[in-house]
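Novice: All residue numbers for the sequence shown refer to my numbering, where the first residue is 13 and numbers rise by one. Glycine is no exception: its CB is placed at the ideal position from the N, C-alpha and C atoms.
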Amino acid sequence: MSFKVPHKLVFSMILLALTACVPEESGTFTAVYEEYFVECANCHAEDAPGYTSNIEKSLDFSTEDSAYSTLMGSASGLTGNQAACNGVKFVVSGDPGSSLVVAVVDEDVRQAFDLTGNPDCNVDSISDMTVKTGLTPSTAFLDSLKEWISSGAARDGGLGF
Ligand code: HEC
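Structure follows, in structure tokens:
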């Protein structure tokens, strides 16, 4: 009598091996954080080396959890010209074009930024955070970020791999 491995078991083992290799699915918060937003922690975090008195003070990118929970809030502590954006939401679920966090990394969204409630929070008062990080975000990242917001900005997305 020969020993036979059940086909179902072989199949699930292959599937498991495959999913372990697949990179974070795009359009999920984990992917968005790991690919780019983790860089923002150099300044937007408690005791960060780049923390300055004029910085936006709600955001905390030190962990994926703190990044998500603070991104669900709105801007605070901005001074001077940028003060026009205090109170503006970082993420408007379903509307990447009205989300401040998109405007700081995407030139087109920044140029077109126009909120009825905060007309002065526009291209003149929104800073380019890609200059601050020193890293140009990939088009794939920007698409992923917009997709995450368009699809409801959930904490966990996709298939949960
Ligand atoms: C070198 C430090 C530094 C880094 C890195 C940095 N920021 Fe900022 N951020 C600031 C400062 C300072 C301000 C206040 C506005 C200004 O001075 O331009 C600000 C403002 C903001 C604002 C408020 C919008 C406005 O009015 O300008 C948002 C949103 C923001 N940052 C998000 C981010 C994100 C997302 C990243 C990562 C991609 C990031 N920041 C990286 C320092 C930084």
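1) Helix, strand or coil: how does DSSP classify K101 here?
2) Helix, strand or coil: how does DSSP classify S78 here?
3) Rounding to the nearest angstrom, what Cα-Cα distance links S74 and L83 in this structure?
4) Starting from the C-beta of S162, find all residues in its chain whose C-beta is less than 7 Å away, skip the five residues before and the five after it, and write them out in chain order.
5) From G99 to L21, what does the alpha carbon distance come to, in whole angstroms?
6) Would you mind reading off the limits of the alpha helix (DSSP H) that contains R167?
7) What is the DSSP secondary structure of S65, counted as helix, strand or coil?
8) Quick check on this structure: which residue in V103, V116, A87 has the alpha carbon closest to the alpha carbon of A96?
9) What does a CB cutoff of less than 7 Å around S81 pick up in its chain, not counting 5 residues either side in sequence?
10) Give me the DSSP bridge partner(s) of S24.
11) My output table needs one value for S88: the three-state DSSP class, helix, strand or coil.
12) Would a C-beta distance cut-off of 8 Å place E76 and Y45 closer than the cut-off?
13) Residues in the same chain with beta-carbon distance under 6 Å from S111, minus the five sequence neighbours each way, listed in chain order, please.
14) Let me confirm a value: K158 is counted as buried when at least 16 other C-beta atoms fall within 10 Å, else exposed. Which label applies?
15) According to DSSP, is Y48 helix, strand or coil?
16) Measuring alpha carbon to alpha carbon, tell me which of E51, P61, Y63, T64 ends up nearest A79.
Specialist: Let me spell this out:
1) One-based indexing of the sequence shown puts residue 101 at position 89. Correct three-state label for K101: strand.
2) What you label residue 78 is simply residue 66 of the sequence shown in a count that begins at 1. Looking at S78 - three-state DSSP - the assignment turns out to be helix.
3) Mapped onto the sequence shown, residue 74 falls at position 62. Mapped onto the sequence shown, residue 83 falls at position 71. Between S74 and L83, the C-alpha separation is close to 12 Å.
4) Against the sequence shown, residue 162 aligns to sequence position 150. Around S162: G106, P108.
5) Taking the sequence shown and counting its residues from 1, one reaches residue 99 at position 87. Taking the sequence shown and counting its residues from 1, one reaches residue 21 at position 9. Cα to Cα, the separation comes out at about 54 Å.
6) Residue 167 sits at position 155 when you count from the first residue of the sequence shown. Taken as a continuous stretch (DSSP letters only), R167 belongs to no alpha helix (DSSP H), as it is neither H nor E.
7) Along the sequence shown, read from residue 1 onward, the residue named residue 65 stands at position 53. In the structure shown, S65 sits in coil (DSSP, three-state: anything other than H, G, I, E or B).
8) Stepping through the sequence shown from its first residue, residue 96 is reached at position 84. Nearest of V103, V116, A87 to A96, Cα basis: A87.
9) Here residue 81 refers to the residue found at position 69 of the sequence shown. Excluding positions up to five away in sequence, the list is empty.
10) Taking the sequence shown and counting its residues from 1, the one referred to as residue 24 is at position 12. S24 is not bridged to any residue.
11) As a first step, residue 88 must be located in the sequence shown, where it is residue number 76. Of the three classes helix, strand and coil, the one that applies to S88 here is coil, per DSSP.
12) Mapped onto the sequence shown, residue 76 falls at position 64. Mapped onto the sequence shown, residue 45 falls at position 33. Their beta carbons are under 8 Å apart, which means E76 touches Y45 by this criterion.
13) Locating residue 111 in the sequence shown gives position 99, where the first residue counts as 1. The residues are V103, V104, I161.
14) Stepping through the sequence shown from its first residue, residue 158 is reached at position 146. Buried is the call here.
15) By 1-based counting over the sequence shown, the position of residue 48 is 36. Coil, per DSSP.
16) The count along the sequence shown starts at 1 and reaches residue 79 at position 67. The shortest Cα separation from A79 among E51, P61, Y63, T64 belongs to E51.
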